[in-house]
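FYI, my numbering numbers position 24 of the sequence shown as 26, with every residue one higher than the one before it. Each residue gets a CB set at the ideal place from its N, CA and C atoms; glycine is no exception. To start, the structure under review is shown below, and the notes come after it.
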Amino acid sequence: MEKPKLIINGKRLDGRDFEELRPIKIQVDVLKRADGSCYLEMGKNKIIAAVYGPREVHPRHLQDPSKAVIRYRYNMAPFSVEERKKPGPDRRSIEISKVSREALEPVIMKELFPRSGIDVFVEVLQADAGTRTACLNAASVALIDAGVMMKGIITSVAVAKVDGHIVLDPMKEEDFYGEADLPVAFLIRNDKIESIALLQMDGKMSVDEVKEGIKLAKKGAMQIYKLQREAIMKKYMEDEEKEEV
Ligand code: UDP
3 MEKPKLIING KRLDGRDFEE LRPIKIQVDV LKRADGSCYL EMGKNKIIAA VYGPREVHPR
63 HLQDPSKAVI RYRYNMAPFS VEERKKPGPD RRSIEISKVS REALEPVIMK ELFPRSGIDV
123 FVEVLQADAG TRTACLNAAS VALIDAGVMM KGIITSVAVA KVDGHIVLDP MKEEDFYGEA
183 DLPVAFLIRN DKIESIALLQ MDGKMSVDEV KEGIKLAKKG AMQIYKLQRE AIMKKYMEDE
243 EKEEV
């Protein structure tokens, strides 16, 4: 198929400005059986994250006597994309699970939970590009909801090069037909971006464009972080109100 025009009259196909995120919705504690959970929408992406633990690790030989073992499973539902996705893990989901776990590990205070395991499951119910970043945002909130001790929070967003412009939070058409896609995750501590926890790129950008992209991703991440915080605060306020009754 021929590449469609992605920027028309200075706007993106969905009417957004270059530096604009898709609408985001975050809901905490949506699964009663999980220790922590989160439902998150980022544009047309719909994600559920469930956290179990700290709990006993099975199989036992995976236990670490000095710290908790973190496991992260990213999964796309077969009905989450236009062309049915074959169920089960594939190379892509195994890679996303690995890099996402590595992004989260440094913020989790694993040493506080020796021999235990923390399992993070993220399920993509509907996908529209940026699922790995949306999943990380949901997973971070679910970890906090589970009461897992954290040194900060992971907040993630992608930027892309689309028809020569650097844009925030690309949707499917931009991811597919754009020149480059660059997902980033940041470690945010005390309301400040402290470091980069994940950085991937496919396509081609100049060094200056990458710098510009990371700057834009930082701006987007701070907005997402605010929404993550608000969602967590809302849940705790509701819990307190229930206790008062
Ligand atoms: N996608 C798809 N089928 C697949 C994998 C991906 O239709 O088997 C779509 C889906 O909308 C996804 C997008 O392609 O969000 C971009 O995928 P990518 O691998 O870049 O990861 P993501 O941007 O979702 O983190």
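Proximity below 8 Å, CB of residue i to CB of residue j
i    : j    : result
L201 : V109 : no
G205 : A182 : yes
V71  : V59  : yes
V124 : A233 : no
E211 : L8   : no
I156 : P56  : no
A136 : L42  : yes
K5   : Y179 : yes
I168 : G222 : no
L127 : A187 : no
S99  : R62  : no
Identified DSSP bridge partners for residue i
i    : result
N77  : E125
F167 : Note that residue 167 is His in the sequence shown here, rather than Phe. In the DSSP output, where bridge partners are listed per residue, H167 has V164.
E1   : Since the first and last residues shown for the chain are 3 and 247, residue 1 lies out of range.
Y54  : D121
Exposed unless 16 or more other CB atoms sit within 10 angstroms - verdict on residue i
i    : result
I96  : exposed
K48  : buried
S102 : buried
P185 : buried
L64  : exposed
How do the stretch 84 to 99 and the stretch 17 to 33 stand: do at least 3 beta-carbon pairs fall below 8 Å, yes or no?
no
Are the stretch 124 to 141 and the stretch 161 to 174 touching by the rule of at least three beta carbon pairs closer than 8 Å?
yes
Validate contact between the stretch 98 to 116 and the stretch 159 to 167 using beta carbons, cut 8 Å, 3 pairs
no
Taking 8 Å as the threshold, find out whether the stretch 32 to 51 comes into contact with the stretch 139 to 150 through three or more Cβ pairs.
yes
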